[in-house]
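Residue numbers (the working numbering): 837 to 1062.
We treat Cβ as the ideally placed atom computed from N, Cα and C, and that holds for glycine.
The block underneath contains the structure these notes are about, expressed in structure tokens.
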Ligand SMILES: NC(=O)c1ccc[n+]([C@@H]2O[C@H](COP(=O)([O-])OP(=O)(O)OC[C@H]3O[C@@H](n4cnc5c(N)ncnc54)[C@H](OP(=O)(O)O)[C@@H]3O)[C@@H](O)[C@H]2O)c1
């Protein structure tokens, strides 16, 4: 990124999946350059094609996760919990000085509607501890369903909680969310990510009980709230 006014390049590791491809679609639609990180070129080609059909002049390409992370100014982690740590370890050498947005929810199938946090409380905070402070980890997008994000024609009605130790990184995530019409809110330090991670199981449980697909949360009492 050559200047502060230029849009950062966004690398999405696991960008072929439900959440990653939906975020890629939205950021491509907002004019960002998106690099999908994937282990599978065929799957990644299909995702890039799909995005290019939906978005005129989409600037989207794919690489393996390491090269994608290298190319991204901001790196977004969208892989299942079981592969979260290994994927970060694979790209760790190129993350220095960057913001890593981690969307991970520590779901343990098959009981995904039951809150189960790892030892230490938060899957995302564990990644910040592993990386040290030279990488700013921000936790976000745990409480918005991929299905909601993937529908460009509908307004995202829920809020996204953003946790992180670095205020500037949180501000950046809030701006990136705002640019895809998602309201994101400062929710404290990275330790607080535990609450967002836990909430997802509650939302899955609500989806199941009420036979809906995109339950979310909305924070009230903010001046700018709608
Ligand atoms: N889905 C949602 O609605 C939602 C909502 C909030 C948060 N999240 C969080 O977002 C993350 C991604 O969720 P998802 O539903 O998009 O997951 P997903 O579709 O199951 O997987 C995402 C991508 O991760 C990669 N992947 C799968 N297994 C892997 C492994 N063993 N090692 C490395 N990469 C692997 C695959 O990409 P390649 O095969 O192309 O490498 C896959 O397309 C999760 O942590 C989830 O908790 C999801």
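- Apart from sequence neighbours up to five positions away, the residues of its chain that approach residue 906 with a beta-carbon distance below 6 Å are 930, ordered along the chain.
- Sequence-distant Cβ neighbours of residue 855 in its own chain, meaning closer than 8 Å and more than five residues away, are 914, 939, 977, 982, 985.
- DSSP links residue 995 through a beta bridge to 1019.
- Sequence-distant partners of residue 956 (beyond 5 residues in either direction) whose C-beta falls short of 7 Å from its own C-beta, in its chain, are 962.
- For residue 1035, the closest C-alpha among the options 890, 1053, 1020 is that of 1053.
- Remark: the C-beta of residue 915 is in contact range of ligand 1, defined as less than 8 Å to any heavy atom.
- Nearest in C-alpha terms to residue 988, of all of 861, 994, 1040, is 861.
- At a Cβ-Cβ threshold of 9 Å, residue 997 and residue 1021 count as neighbours.
- In this structure, the alpha-carbon of residue 899 lies about 17 Å from that of residue 863.
- Non-local C-beta neighbours of residue 1051 in its own chain, meaning closer than 7 Å and more than five positions away in sequence, comprise 1039, 1042, 1043, ordered along the chain.
- According to the DSSP secondary-structure assignment, residue 896 is paired through a beta bridge with 870.
- DSSP places residue 1031 in the uninterrupted alpha helix (DSSP H) bounded by 1029 to 1046.
- Exclusion of the five residues before and after residue 999 leaves 975, 1023, 1024, 1026, 1028, 1029 as the residues of its chain whose Cβ lies within less than 6 Å of its Cβ.
- Collapsing the DSSP output to three states places residue 856 in a helix.
- Inclusion of residue 855 in the 8 Å shell around ligand 1 follows from its C-beta lying nearer than that to a non-hydrogen atom of the ligand.
- Looking at the backbone, the Cα of residue 928 and that of residue 934 are separated by about 11 Å.
- Counting only runs of at least 4 residues, the region 933 to 988 fully encloses the following alpha helix (DSSP H) elements, listed from N- to C-terminal order: 959 to 967, 982 to 985.
- Under the 10 Å beta carbon count, residue 968 is surrounded by fewer than 16 other beta carbons and is classified as exposed.
- Residue pairing by DSSP places residue 848 opposite 872, 912 in a beta bridge.
- Bridge pairing for residue 1000: 974 [DSSP].
- The beta carbon of residue 870 is closer than 6 Å to those of 846, 860, 863, 864, 896 in its chain, skipping five residues each way along the sequence.
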